[in-house]
Amino acid sequence: MSNFIEEIIINDLKTGKYKNIVLRFPPEPNGYLHIGHAKAILLNYSLAKKYNGICNLRFDDTNPSTEDNEYVKAIVEDMKWLGWNGDIFFASDYFDIMLQAAIRLIKKGKAYVDTTSYEGIKLMRGDLNTKGTDSACRNFSVEKNLSLFQDMQLGKFENGEAVLRAKIDMSSPNMNMRDPVLYRVLNIAHHRKGDKYKVYPLYDFAHPIEDAIENVTHSCCSLEFENHRPLYDWVLAESGEWGSIPQQYEFARLNISGINLSKRELKKLVVDKLVSGWDDPRMPTLKGFRRRGYTASSLWDFCDKIGVAKSNSIVDIKMLESCIRDELNLTAKRVMVAIDPVELFIVNRSDKWKETVNFETVINSQVVASEKIEISNKIFIDRADFSIDPPPKYKRMQKNGNIRLKSAYIVHCEDYKLDKDGRVIQVLCSIIENSKSGEDISGVKASGVIHWVNSQSAVDIIVQQFNNLLDEQGVFNKKSVIRINAKMDKYALTHSGPFQFLRNGFYCKDACSSPKNLIFNQTVGLKDGYK
RNA sequence: AGGGGUGUCGCCAAGCGGUAAGGCAAUAGACUUUGACUCUAUCACUCAAAGGUUCAAAUCCUUUCACCCCUGCCA
Numbered sequence: 002m003s004n005f006i007e008e009i010i011i012n013d014l015k016t017g018k019y020k021n022i023v024l025r026f027p028p029e030p031n032g033y034l035h036i037g038h039a040k041a042i043l044l045n046y047s048l049a050k051k052y053n054g055i056c057n058l059r060f061d062d063t064n065p066s067t068e069d070n071e072y073v074k075a076i077v078e079d080m081k082w083l084g085w086n087g088d089i090f091f092a093s094d095y096f097d098i099m100l101q102a103a104i105r106l107i108k109k110g111k112a113y114v115d116t117t118s119y120e121g122i123k124l125m126r127g128d129l130n131t132k133g134t135d136s137a138c139r140n141f142s143v144e145k146n147l148s149l150f151q152d153m154q155l156g157k158f159e160n161g162e163a164v165l166r167a168k169i170d171m172s173s174p175n176m177n178m179r180d181p182v183l184y185r186v187l188n189i190a191h192h193r194k195g196d197k198y199k200v201y202p203l204y205d206f207a208h209p210i211e212d213a214i215e216n217v218t219h220s221c222c223s224l225e226f227e228n229h230r231p232l233y234d235w236v237l238a239e240s241g242e243w244g245s246i247p248q249q250y251e252f253a254r255l256n257i258s259g260i261n262l263s264k265r266e267l268k269k270l271v272v273d274k275l276v277s278g279w280d281d282p283r284m285p286t287l288k289g290f291r292r293r294g295y296t297a298s299s300l301w302d303f304c305d306k307i308g309v310a311k312s313n314s315i316v317d318i319k320m321l322e323s324c325i326r327d328e329l330n331l332t333a334k335r336v337m338v339a340i341d342p343v344e345l346f347i348v349n350r351s352d353k354w355k356e357t358v359n360f361e362t363v364i365n366s367q368v369v370a371s372e373k374i375e376i377s378n379k380i381f382i383d384r385a386d387f388s389i390d391p392p393p394k395y396k397r398m399q400k401n402g403n404i405r406l407k408s409a410y411i412v413h414c415e416d417y418k419l420d421k422d423g424r425v426i427q428v429l430c431s432i433i434e435n436s437k438s439g440e441d442i443s444g445v446k447a448s449g450v451i452h453w454v455n456s457q458s459a460v461d462i463i464v465q466q467f468n469n470l471l472d473e474q475g476v477f478n479k480k481s482v483i484r485i486n487a488k489m490d491k492y493a494l495t496h497s498g499p500f501q502f503l504r505n506g507f508y509c510k511d512a513c514s515s516p517k518n519l520i521f522n523q524t525v526g527l528k529d530g531y532k
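Counting in our numbering, the first sequence runs from 2 upward without gaps.
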């Protein structure tokens with residue numbers, strides 16, 4: 002699978018434009034990484050690995066008002082979890098170099114200090130159909146600009162009172178070229194630099210310099226920065242002698258149907274405590290996916306399959322689900338769990354009866370595991386596996402039907418009992434003699450197979466199933482998590498997971514699960530061929 | 001006529017002038033003591049539309065249409 006960026010790299014290597022490639026993933030530490038970031042990380046990292054290059058993690062920490070060390074820590078953790086390995090850099094460590102570059106620009110007459118108000122600058126920028134007008138400050142002398150910029154750095158201006166602007170073209174059809182702001186005054190402590198700096202560079206000025214300092218060769222970002230590329234190039238061309246000139250390339254960011262990846266929305270959910278945190282299993286953050294049972298390798302697989310291109314697109318969530326299913330199908334420990342359990346009582350066996358059966362896991366006709374479990378006259382089954390009024394083609398239990406209990410006997414359903422609300426509380430069955438799994442000479446044909454849990458060794462657990470966190474309008478979905486009581490055979494507790502709860506889905510133990518309060522998260526359901 | 005992008009199967013996505021890869025989904029069937037897995041088959045005479053160039057066009061040219069991005073001292 003190749004993409005247009007890889008083609009560029011192959012070509013640059015072939016023509017000798019670069020001997021070694023240097024890529025980077027440059028998050029701003031103002032939130033947690035989500036699956037959209039995984040696409041960018043995996044793009045950069047896998048290309049670096051494939052072509053013998055390197056991929057840095059660089060924190061683009063140029064705006065202290067939104068950033069925090071908590072995020073730095075979390076991002077590093079997530080990068081490691083994904084399997085990334087490389088050097089970590091901070092844009093804030095380059096602030097002095099950037100300041101020197103800004104001064105070079107001023108000396109060349111390519112930048113000036115503007116003391117016009119925020120509103121004034123906004124007005125003079127014009128709009129899409131109107132050219133901008135020059136600021137009165139545009140023709141300040143180099144000396145005056147130098148002095149003013151010095152004053153900005155010394156803290157002689159309040160926030161918003163002065164900015165350093167590039168002198169480019171106020172009539173450019175590209176709004177980004179209408180004398181963009183390079184530096185603003187921000188009297189805010191930086192999470193790494195404290196109050197050392199009073200001015201902070203803006204993305205458009207900082208980013209190309211960061212890339213150049215790290216000798217980045219291919220600077221990949223998302224589509225909305227296409228209009229910034231001319232400015233990226235301008236900064237590098239005008240601000241000094243950079244050893245290498247990186248090139249910016251843009252690709253479409255990830256969208257997945259049913260998943261909202263807006264950092265703002267996600268943060269709001271956390272702040273409003275509608276979710277348990279950034280790692281809530283419903284969150285599309287990497288920590289959320291991990292807690293939900295997704296593996297890093299399944300995310301790699303997913304990113305590989307969706308490709309990288311320039312067209313805005315929305316990937317079907319089924320694609321992601323298929324990736325994790327494919328992996329878990331091979332790794333998950335099969336367990337029978339009765340979800341929303343109903344008691345099944347065997348009428349033709351005594352209370353003292355118990356027998357051992359061989360529970361086998363078969364994948365693609367291969368027995369991959371075998372386990373001894375016990376059955377008695379009282380077991381639990383899924384409520385959904387019994388129906389008083391079965392729909393057409395129902396292959397589960399109904400009155401007078403014959404159903405195989407997985408790995409055990411075929412049973413005949415004699416009757417059922419309801420409580421006063423009409424809810425099934427007990428299903429009564431009789432074992433069909435000589436129908437035991439593996440030694441069945443009964444000649445009876447079961448219409449289906451269901452799983453079960455022996456009452457004597459059952460432990461209570463809670464399973465959590467998930468739906469979209471937000472609806473199309475971005476409103477919190479109160480049914481985004483459904484908690485259901487279930488019964489699980491305690492032998493399963495000796496395994497750490499991942500699990501496949503037979504005929505239901507893949508599950509993992511939740512981070513908050515404890516021996517007294519066992520909680521399992523549904524990573525993804527099994528495909529359901531029932532029509 | 002502001003500028004910059006993108007339009008190939010329901011959803012992603014290859015394709016780079018020589019006659020439409022692949023994945024997901026779907027459908028049909030086989031297998032099955034998981035309605036899972038696995039297997040087999042089907043699924044774009046057509047590439048946003050219309051013209052044109054060519055022996056040959058999704059690929060080149062022209063025009064049109066649709067959608068996305070840009071008027072932060074955010075990134």
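Where a beta carbon is used, it is the ideal one built from N, C-alpha and C, also for glycine.
- Query: If you check the beta carbons only, do residue 259 and residue 469 fall under 8 Å apart?
  - Reply: In this structure, the beta-carbon distance from residue 259 to residue 469 falls below 8 Å.
- Message: Here's a check: name, in chain order, each residue in its chain whose Cβ is nearer than 6 Å to the Cβ of residue 321, leaving out the five neighbours to either side.
- Response: The answer, listed in chain order, is 303.
- Got a sec, what are the start and stop residues for the alpha helix (DSSP H) residue 506 sits in? Element bounds for residue 506: not the alpha helix (DSSP H) but the beta strand (DSSP E), 506-510.
- Query: Can you name the start and end residues of the alpha helix (DSSP H) that residue 547 belongs to?
  - Reply: Examination of residue 547 is not possible in this model, given that the chain is present from 2 through 532 alone.
- Check whether the Cβ of residue 30 lies closer than 7 Å to any heavy atom of the ligand GTP, and answer yes or no. Of ligands this structure carries none, so the ligand GTP is not represented either.
- From residue 333 to residue 499, what distance separates their C-alpha atoms? Cα to Cα, residue 333 sits roughly 5 Å from residue 499.
- Is the region 518-528 in contact with the region 454-471, if contact means three or more CB pairs nearer than 8 Å? For the pair of segments examined, the region 518-528 was found to touch the region 454-471: the number of CB pairs separated by less than 8 Å reaches three.
- Query: Once you ignore the five residues that flank residue 127 on each side, which residues in its own chain have a CB closer than 6 Å to its CB?
  - Reply: The beta carbon of residue 127 is closer than 6 Å to those of 133 in its chain, skipping five residues each way along the sequence.
- Query: Is it true that the CB of residue 208 sits closer than 8 Å to the CB of residue 24?
  - Reply: Not a contact, by the Cβ cut-off of 8 Å.
- Query: Is DSSP giving residue 56 helix, strand or coil here?
  - Reply: Strand.
- Query: I think residue 177 touches residue 253, with their Cβ atoms under 8 Å apart; what is that distance to the nearest whole Å?
  - Reply: 20 Å between Cβ atoms; not a contact.
- Item | C-beta contact flag for residue 448 and residue 396 at 8 Å | Yes, Cβ-Cβ distance for residue 448 and residue 396 is below 8 Å.
- Can residue 39 and residue 83 be called in contact, C-beta distance under 8 Å? In this structure, residue 83 lies closer than 8 Å to residue 39 by Cβ.
- Message: Taking its Cβ as the centre, do 16 or more other Cβ atoms sit within 10 Å of residue 5, making it buried, or is it exposed?
- Response: Answer is exposed; the Cβ neighbour count stays below 16.
- Query: With DSSP run on the structure shown, which of helix, strand or coil describes residue 452?
  - Reply: Three-state DSSP puts residue 452 in coil, outside helix and strand.
- Taking one C-beta from the region 450-459 and one from the region 364-379 each time, how about it: are there three or more such pairs within less than 8 Å? Contact check between the region 450-459 and the region 364-379: three or more CB pairs, one atom from each, fall below 8 Å, which counts as touching.
- Item | Residue from 179, 441 and 165 whose Cα sits closest to the Cα of residue 171 | Distances from the alpha-carbon of residue 171 to those of 179, 441 and 165 put 179 closest.
- Message: Tell me the residue span of the alpha helix (DSSP H) that contains residue 284.
- Response: Where residue 284 is concerned, there is no enclosing alpha helix (DSSP H), because DSSP gives it neither an H nor an E.
- Message: According to DSSP, is residue 141 part of a helix, a strand, or is it coil?
- Response: DSSP places residue 141 in the coil class of the three-state scheme, outside both helix and strand.
- Message: Quick check: what's the CA-CA separation for residue 533 versus residue 416?
- Response: Here the chain comprises residues numbered 2 to 532, so residue 533 is not present and cannot be evaluated.
- Kindly indicate which three-state DSSP category residue 202 falls into: helix, strand or coil? Strand.
- Task: Just confirm the distance between the C-beta atoms of residue 247 and residue 297, as a whole number of angstroms; I'd bet it's less than 8 Å.
- Result: About 28 Å separates the two Cβ atoms, so there is no contact after all.
- Message: Give me the residue from 344, 232 and 110 with the minimum Cα distance to residue 203.
- Response: Nearest of 344, 232 and 110 to residue 203, Cα basis: 232.
- Beta-ladder partner(s) of residue 360, from DSSP: Paired residues: 372.
- Exposed or buried, which one is residue 515 when buried takes at least 16 other CB atoms within 10 Å? With fewer than 16 Cβ atoms within 10 Å of its Cβ, residue 515 is classed as exposed.
- Item | C-alpha gap between residue 102 and residue 239, whole angstroms | Rounded to whole angstroms, residue 102 to residue 239 spans 9 Å at the Cα level.
- Going by alpha carbons, who is nearest to residue 437 out of 234, 31, 86 and 358? The residue with the shortest Cα to Cα distance from residue 437 is 358.
- With a 10 Å radius around its C-beta and 16 neighbouring C-beta atoms as the bar for buried, classify residue 249 as buried or exposed. Counting Cβ neighbours within 10 Å, residue 249 comes out buried, since at least 16 surround it.
- Three-state secondary structure (DSSP) of residue 266: Reduced to three states, the DSSP call for residue 266 is helix.
- Please state whether DSSP places residue 107 in a helix, a strand or coil. Three-state DSSP puts residue 107 in a helix.
- Considering only residues of the same chain and omitting the five flanking positions on each side of residue 227, which have a CB-CB separation below 6 Å? The residues are 251.
- Query: DSSP on residue 35, reduced to helix/strand/coil?
  - Reply: Correct three-state label for residue 35: strand.
- Starting from residue 405, follow the beta strand (DSSP E) in both directions and report where the run begins and ends. Secondary structure note for residue 405: its beta strand (DSSP E) is the uninterrupted segment 403-406.
- Provide the residue span of the beta strand (DSSP E) that contains residue 323, from first to last. Per DSSP, residue 323 belongs to no beta strand (DSSP E); it is in the alpha helix (DSSP H), 318-332.
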